[in-house]
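The next block holds one structure in the form of structure tokens; read it before the comments.
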Amino acid sequence: MERKYYTIDEHAARQAQSMWSFTDYVAGSKTAEYRRLVDQAYDLADQAAEEKPDRAEKAYLLADRYARKLADNFNADSRINLMCPSVLIAGPANFPVKKKERQNRAAERNHEEYMEIQKYLEKIRRILYGKEIIKSNDKEAIQKLQEKLNLLQREQEQMKAVNRYYRKYKRLDGCPDLSLEEIERLKQEMKSNYHYQDKPYLSFELSNNNRNIHTVKARLEKLKAEKAEETRDYDTSYFKVVENTEMMRLQLFFDGKPEAEIREAVKHHGFKWSPKNNCWQRQLTDNARYSLKCLLEQLAQLK
Numbered sequence: 057m058e059r060k061y062y063t064i065d066e067h068a069a070r071q072a073q074s075m076w077s078f079t080d081y082v083a084g085s086k087t088a089e090y091r092r093l094v095d096q097a098y099d100l101a102d103q104a105a106e107e108k109p110d111r112a113e114k115a116y117l118l119a120d121r122y123a124r125k126l127a128d129n130f131n132a133d134s135r136i137n138l139m140c141p142s143v144l145i146a147g148p149a150n151f152p153v154k155k156k157e158r159q160n161r162a163a164e165r166n167h168e169e170y171m172e173i174q175k176y177l178e179k180i181r182r183i184l185y186g187k188e189i190i191k192s193n194d195k196e197a198i199q200k201l202q203e204k205l206n207l208l209q210r211e212q213e214q215m216k217a218v219n220r221y222y223r224k225y226k227r228l229d230g231c232p233d234l235s236l237e238e239i240e241r242l243k244q245e246m247k248s249n250y251h252y253q254d255k256p257y258l259s260f261e262l263s264n265n266n267r268n269i270h271t272v273k274a275r276l277e278k279l280k281a282e283k284a285e286e287t288r289d290y291d292t293s294y295f296k297v298v299e300n301t302e303m304m305r306l307q308l309f310f311d312g313k314p315e316a317e318i319r320e321a322v323k324h325h326g327f328k329w330s331p332k333n334n335c336w337q338r339q340l341t342d343n344a345r346y347s348l349k350c351l352l353e354q355l356a357q358l359k
């Protein structure tokens, strides 16, 4: 996938540097820093595409969004720095304090935006490492959950094998279940203060991973059972109910726009309006079915 970079305003970056520092701006330095960060996103996307070919499009889409939003953030940073010079450059006499306060607030907002943009990298990592949030209405949910389960099980077996190797040889070098990079990483982790047991993977790490295995397995089995059921519908005195197993949504279809009091009751029980499906809906779960029961009881009292 060809990497896409967006334009960084080098002219604004140079001007901003002159208002904040006595040192000369290095031509292209802001663009270079931007491209370095964007390359990190695309490197992750490349890895995700190699490991999960079916998720490559999503990974590269996230990398492109990261590149675009980061460019906007970098350019906003330059514009904010141009709002007011440093007191070291301008001098304390008649210094525009109010303007500086506005600039500081804008800089804080831009930094918060920068931190939000970094979450795109985490989303790509979730795809790469099988930790992507999997929604029940995803058409590939069962496949993704199975892949996630397989990954967790492989990780569990690897951790147990590494601990057995270390218990036998009291070293990590030569462990056939680890790459050289993983060996060095584990060595450093074992030297840290929090590593309270004499083994590469701590007991709680295996316990947590095993708990995740059981959670994913239970969800996978439940979703398979729900998907196997056919979509069913029935009428009530107020709306038509559709248990849509294909979309995994519990849907409420009104003949027309319901009264405000009814709409409030529907929203109170967790249903949201879907313009795409022209109905009120929420995820199809046992909790949703119970909420529907409570909603019908509440509506009966409104008569």
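This note's numbering numbers the first residue of the sequence shown as 57 and each following residue consecutively. By construction, the Cβ of each residue, glycine as well, lies at the ideal position given by its N, Cα and C atoms. For clarity, every value in this text was computed on a predicted model and none was experimentally measured.
Taking the Cβ atoms as the reference, I183 lies roughly 6 Å from K108, within the contact range of under 8 Å. Using a Cβ-Cβ distance cut-off of 8 Å, the region 73 to 90 and the region 118 to 131 are in contact, since at least three pairs of beta carbons, one from each stretch, lie closer than that value. Comparing C-alpha distances from Y122 to each of Y176, E237, A321, T63 shows the shortest one belongs to Y176. Taking the Cα positions, S259 is about 19 Å away from L234. Residue environment analysis places H324 among the exposed positions, since fewer than 16 neighbouring C-beta atoms fall within 10 angstroms of its C-beta. Going by beta carbons, A68 and L138 fall inside the 9 Å limit. Between the alpha carbons of K216 and D254 lies a gap of roughly 14 Å.
When the beta-carbon positions are compared, M304 and N333 stay at least 9 Å from each other. Under a 10 Å Cβ-count criterion, D289 is classified as exposed, with fewer than 16 other Cβ atoms of the shown protein chains found around its own Cβ.
The DSSP assignment places complete beta strand (DSSP E) segments of no fewer than 3 residues inside the region 261 to 321 at 288 to 291, 296 to 300, 305 to 309, in order along the chain.
Taking a contact as a CB-CB distance under 8 Å, the pair Q337 and L308 counts as one, their CB atoms being some 7 Å apart. Setting aside the 5 residues that flank it on each side, N268 is surrounded in the same chain by L208, each with a C-beta closer than 7 Å to its C-beta; the list follows chain order. Just so you know, the alpha carbons of N219 and N249 end up roughly 19 Å apart.
Its Cα nearest to that of T301, the residue I198 stands out among Y257, I198, E66, R135. Residue burial is scored here from C-beta neighbours: E178 has fewer than 16 other C-beta atoms within 10 angstroms and is therefore classed as exposed. By the neighbour-count definition (other C-beta atoms within 10 Å, threshold 16), P232 is an exposed residue. Counting only runs of 4 or more residues that sit fully inside the region 154 to 235, the alpha helix (DSSP H) segments are 175 to 184, 197 to 225, in chain order. Taking a C-beta distance under 9 Å as the contact criterion, S192 and E285 do not qualify as a contact pair. Boundaries around K125 are those of the alpha helix (DSSP H), 112 to 137, since no beta strand (DSSP E) includes it. Annotated as distal: L276 and V322, with beta-carbon spacing of 9 Å or more.
Distance from the Cα of S263 is smallest, within the candidate group Q212, K224, K226, F310, for Q212.
Less than 9 Å divides the Cβ of D133 from the Cβ of N166.
Residue environment: K200 is assigned as buried (16 or more neighbouring CB atoms within 10 Å of its CB, all protein chains considered).
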